[in-house]
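**Student:**
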Amino acid sequence: HVKAEFPARGRDTLYLSLPAWSPGAYEIQNYARYVRHFGAKSPAGQALFWDRFDKDTWRVTTGRSDRVSVEFDYLADTVDLSLARINGEFGQFLGTNLFLYEEGQLQRPAQLRFNLPAGWQVTTALAGSGTGPYNASDYHELVDAETFVGKYSLDSVQVDGKWIRIAVWPADAYTPAVARNMRSDVERIAKTENGLMGGPPYDHYTVFFNVIREPINFGGGLEHSAAQFDIMPQGAFADAAGNFGDFMVPLMSHEYFHLWNVKRIRPAEMWPYDYHGEQYTPLLWWSEGVTDYYADLTNVRSGLWTPEQFLSNAVKDMQEVESAPEPWSEEDGSAATWINEVFVNSSQLYYPKGALTGMLLDVSIRDATDNKSSLDDVMRALYARFYQKHKGFGTADLLGLLREFGMSDVDGFYQRYINGREPLPYESVFAKAGIAVTRKTSSVPFLGVNAQPGEQGKLVVRDIVPGSAAEAAGLALGDELLKVGDLETRPDGDWAAKFRQQYRGQAGAPLTITAQRGGQTVTLTTQVRERSTTAFTLTQATAATPKQTKLWRGLTTGSTGG
44 HVKAEFPARG RDTLYLSLPA WSPGAYEIQN YARYVRHFGA KSPAGQALFW
94 DRFDKDTWRV TTGRSDRVSV EFDYLADTVD LSLARINGEF GQFLGTNLFL
144 YEEGQLQRPA QLRFNLPAGW QVTTALAGSG TGPYNASDYH ELVDAETFVG
194 KYSLDSVQVD GKWIRIAVWP ADAYTPAVAR NMRSDVERIA KTENGLMGGP
244 PYDHYTVFFN VIREPINFGG GLEHSAAQFD IMPQGAFADA AGNFGDFMVP
294 LMSHEYFHLW NVKRIRPAEM WPYDYHGEQY TPLLWWSEGV TDYYADLTNV
344 RSGLWTPEQF LSNAVKDMQE VESAPEPWSE EDGSAATWIN EVFVNSSQLY
394 YPKGALTGML LDVSIRDATD NKSSLDDVMR ALYARFYQKH KGFGTADLLG
444 LLREFGMSDV DGFYQRYING REPLPYESVF AKAGIAVTRK TSSVPFLGVN
494 AQPGEQGKLV VRDIVPGSAA EAAGLALGDE LLKVGDLETR PDGDWAAKFR
544 QQYRGQAGAP LTITAQRGGQ TVTLTTQVRE RSTTAFTLTQ ATAATPKQTK
594 LWRGLTTGST GG
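Numbering (the numbering used here), first residue to last: 44 to 605.
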């Protein structure tokens, strides 16, 4: 239940809105759809007339009152990075979910108080304690504040003189072994990135974690100005010995670097935020993809990864980019993120392609300047010349900085690889840092179906690739996949790898697909089809030149100069 009060002196009508989206989560959620039992009153308790002005906005008649209070119930039942959830022992929300703003008054300060069951605690990025008040300097700060309430584990570690809190729900997921690893890894990530960017940009920071034990088909994080909120399935969070899953360290490094790149170094199109709808920018490849690159650099520079792991992760990015069914540009992907494309989801591909682009730019600058400058200098210049001067940056600004720090051919690079659709120049650029690229092309069986866990633990068909064996068989969206050939397709089994192994070299052979459709079991027939795939490897050159060695050391340690 939410209650909000607004000053109304001298006005007949207030227009009160909930955001349509949350910064960092580039999808329209229309949080007003979760509201019911909306009402408005004067300070004397008199009911005030209101109506819906648009999908996100309520128009409230003030009755010439000095203040207006509104109340409503909010449906909070979804596991999602930008939605709210509450149960009998725990609640989690983002301010965009619950907090109304008066149109034209985003600069207004706000206070927040909680009325909670006995024994519940509060952790939020806002300044305050207990049940409140918590203070926000304006609406942007108010709604950027991720918040936990209830019973959960709360820990902390001090890095560079600032406290980082670690809030984990459920509390029993934060075992002593997990706690040791979490504190150690968070400290190394924060120290490395703080050192790169000139110190922590916050008074205190919070790592919020939801560890989910019910079936979910995703894990990820959402950045905030003084926090990150991460969701992970239990199996991907940590094992019984407290060892983190492979995605944990990259996730925390990525979200922490967003403190600078996105939350402060922000595209001009998103300065300031507009909560009414889409804010298009061509620069999400930089905001998200290059942040991924800096997460990778953080992991190797901090010692959380070996250099071999750093290269192996770049190979994963290359495989993902080169497996896209058709060419696409990073700028197109940045714009298309709002619609979650069906056939080529470029809104996800700008992460790996942007990361690789960042690495290519970094090597190019280091090579052109004999390692005297790097992409690190560009990132720090964006922070100093744009964020610290209270403005966003544009593509021309970014290209100008890349040129200033040594990349004289940046315009051609931009036209070919960022705005354009040419294949990224791995071999020619990576070789400058002594990184050898090898490619091996082969044909592998390809079914062409994306199936995700649904209710009752069954695999539900979510996407079918045009021209694939699955399409030829007549498989339909919403079908529950039971068997492919004689292979059972269980969500907890790697049936896809077994399919590729069993049907390798059998292109054209008969293939049956068994599915459940509308309560009936159907058997579909098709033929095995193959597609060509390219496997990449990246290795350090065995006979690197002194300059190659210097550039490689610069990448992996953050050093410049000789």
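Don't be surprised by glycine CBs; every beta carbon is placed ideally from N, CA and C.
Beta carbon of residue 350, beta carbon of residue 599: below 8 angstroms?
**Tutor:** Against a cut-off of 8 angstroms, the Cβ pair of residue 599 and residue 350 comes out as a contact.
**Student:** Taking the continuous beta strand (DSSP E) assigned at residue 201, which residues delimit it?
**Tutor:** Run containing residue 201: 196-202, per the beta strand (DSSP E) assignment.
**Student:** By the 10 Å Cβ neighbour count, where 16 or more other Cβ atoms means buried, how is residue 465 classified, buried or exposed?
**Tutor:** When all chains shown are included, residue 465 counts as exposed.
**Student:** State the Cα-Cα distance for the pair residue 325 and residue 408, rounded to the nearest angstrom.
**Tutor:** The straight-line gap from Cα to Cα measures roughly 22 angstroms.
**Student:** Tell whether a beta-carbon distance below 8 angstroms holds between residue 109 and residue 47.
**Tutor:** Contact: no.
**Student:** What is the rounded straight-line gap between the Cα of residue 77 and the Cα of residue 63?
**Tutor:** About 12 angstroms.
**Student:** Can you check the segment 128-209 for any beta strand (DSSP E) of at least 3 residues that lies completely inside it and give the ranges in chain order?
**Tutor:** Listed in chain order, the complete beta strand (DSSP E) runs (minimum 3 residues) inside the segment 128-209 are 133-136, 153-155, 164-167, 177-179, 190-193, 196-202.
**Student:** Over what stretch of residues does the beta strand (DSSP E) that includes residue 379 continue unbroken?
**Tutor:** Unbroken run through residue 379 is the alpha helix (DSSP H), 373-379; no beta strand (DSSP E).
**Student:** Along the chain, where does the beta strand (DSSP E) containing residue 342 start, and where does it finish?
**Tutor:** Premise fails: residue 342 lies in the alpha helix (DSSP H), 334-344, not in any beta strand (DSSP E).
**Student:** Near residue 208, which residues of its chain fall below 8 angstroms by C-beta distance, leaving aside the five closest residues on each side in sequence?
**Tutor:** Only 166, 197, 198, 199, 247, 248, 249, 250 meet the Cβ criterion.
**Student:** What residues are listed by DSSP as bridge partners for residue 275?
**Tutor:** Bridge partners of residue 275: 254.
**Student:** If I measure Cβ to Cβ from residue 559 and keep anything under 8 angstroms in the same chain, skipping five residues before and after, which residues do I get?
**Tutor:** Taken in chain order, the residues that qualify are 501, 522, 523, 525, 565.
**Student:** Go ahead and label residue 80 buried or exposed: buried means 16 or more other beta carbons lie within 10 angstroms of its beta carbon, across all protein chains shown.
**Tutor:** It counts as exposed.
**Student:** Considering only residues of the same chain and omitting the five flanking positions on each side of residue 419, which have a CB-CB separation below 7 angstroms?
**Tutor:** For residue 419, where only same-chain residues beyond five positions count, the Cβ hits under 7 angstroms are 239, 601.
**Student:** Beta-carbon within less than 8 angstroms of residue 567's beta-carbon, same chain only, minus the 5 sequence neighbours each way: which residues are those?
**Tutor:** Once the five neighbours on either side are set aside, the close Cβ partners of residue 567 are 516, 517, 518, 555, 556, 557, 558.
**Student:** Tell whether a beta-carbon distance below 8 angstroms holds between residue 299 and residue 66.
**Tutor:** Against a cut-off of 8 angstroms, the Cβ pair of residue 66 and residue 299 comes out as no contact.
**Student:** Residues bridged to residue 97 by DSSP?
**Tutor:** Note: residue 97 sits in a beta bridge opposite 100.
**Student:** With respect to the alpha helix (DSSP H) encompassing residue 83, which residues constitute its N-terminal and C-terminal limits?
**Tutor:** Note, residue 83: premise wrong, no alpha helix (DSSP H); beta strand (DSSP E) at 78-84.
**Student:** Determine, using beta carbons only, whether residue 186 comes closer than 8 angstroms to chain C.
**Tutor:** This model lacks chain C altogether, as it is built from one protein chain only.
**Student:** With DSSP collapsed to three states, give me the class of residue 493.
**Tutor:** Looking at residue 493 - three-state DSSP - the assignment turns out to be strand.
**Student:** Under the DSSP definition of a beta bridge, which residues are partnered with residue 259?
**Tutor:** Answer by DSSP bridge pairing: none, since residue 259 is not bridged.
**Student:** Using DSSP bridges, identify the partner residues of residue 528.
**Tutor:** In DSSP, residue 528 forms no bridge with anything.
**Student:** Can at least three beta-carbon pairs, one atom from the segment 579-590 and one from the segment 475-491, be found at a separation below 8 angstroms?
**Tutor:** Contact holds: three or more Cβ-Cβ distances are below 8 angstroms.
**Student:** Using only alpha-carbon positions, find the residue among 380, 279, 544, 203 that is nearest to residue 289.
**Tutor:** Minimum Cα distance to residue 289 is reached at 279.
**Student:** Could you tell me if residue 271 is buried or exposed, where buried requires 16 or more neighbouring beta carbons within 10 angstroms of its beta carbon?
**Tutor:** Per the 10 Å Cβ criterion, buried.
**Student:** Taking all protein chains shown into account, do 16 or more other C-beta atoms lie within 10 angstroms of the C-beta of residue 138, making it buried, or fewer, making it exposed?
**Tutor:** Classification of residue 138: buried, given that the 10 Å Cβ count is 16 or more.
**Student:** Between 96, 597, 125, which has its C-alpha nearest residue 410's C-alpha?
**Tutor:** Checking every option, the nearest Cα to that of residue 410 belongs to 597.
**Student:** Could you compute how far the alpha carbon of residue 374 sits from the alpha carbon of residue 511?
**Tutor:** About 28 angstroms.
**Student:** With a CB to CB cut of under 8 angstroms and the five nearest residues on each side skipped, what residues in its chain are close to residue 154?
**Tutor:** Closer than 8 angstroms at Cβ, skipping near neighbours: 175, 176, 177, 178, 179.
**Student:** Go through its chain and collect everything with a Cβ distance to residue 86's Cβ below 8 angstroms, but skip five positions before and after it.
**Tutor:** These residues qualify, in order along the chain: 108, 109, 110, 112.
**Student:** Could you give the C-beta distance for residue 399 and residue 357, rounded to a whole number, given that I count them as a contact under 8 angstroms?
**Tutor:** Yes, residue 399 and residue 357 are in contact; Cβ-Cβ is about 7 angstroms, under 8 angstroms.
**Student:** What's the gap between the Cα of residue 220 and the Cα of residue 563?
**Tutor:** Cα to Cα, residue 220 sits roughly 47 angstroms from residue 563.
**Student:** Residue 254: which of 577, 485, 287 sits nearest, CA to CA?
**Tutor:** For the residues 577, 485, 287, the minimum Cα distance to residue 254 belongs to 287.
**Student:** Taking 8 angstroms as the cut-off, decide whether the C-beta atoms of residue 74 and residue 61 are in contact.
**Tutor:** Contact: yes.
**Student:** Whose C-alpha, out of 276, 580, 191, is nearest the C-alpha of residue 470?
**Tutor:** Residue 470 has its Cα closest to that of 580, out of 276, 580, 191.
**Student:** If you draw a straight line from the C-alpha of residue 363 to the C-alpha of residue 527, how long is it?
**Tutor:** Residue 363 and residue 527: Cα-Cα distance of roughly 24 angstroms.
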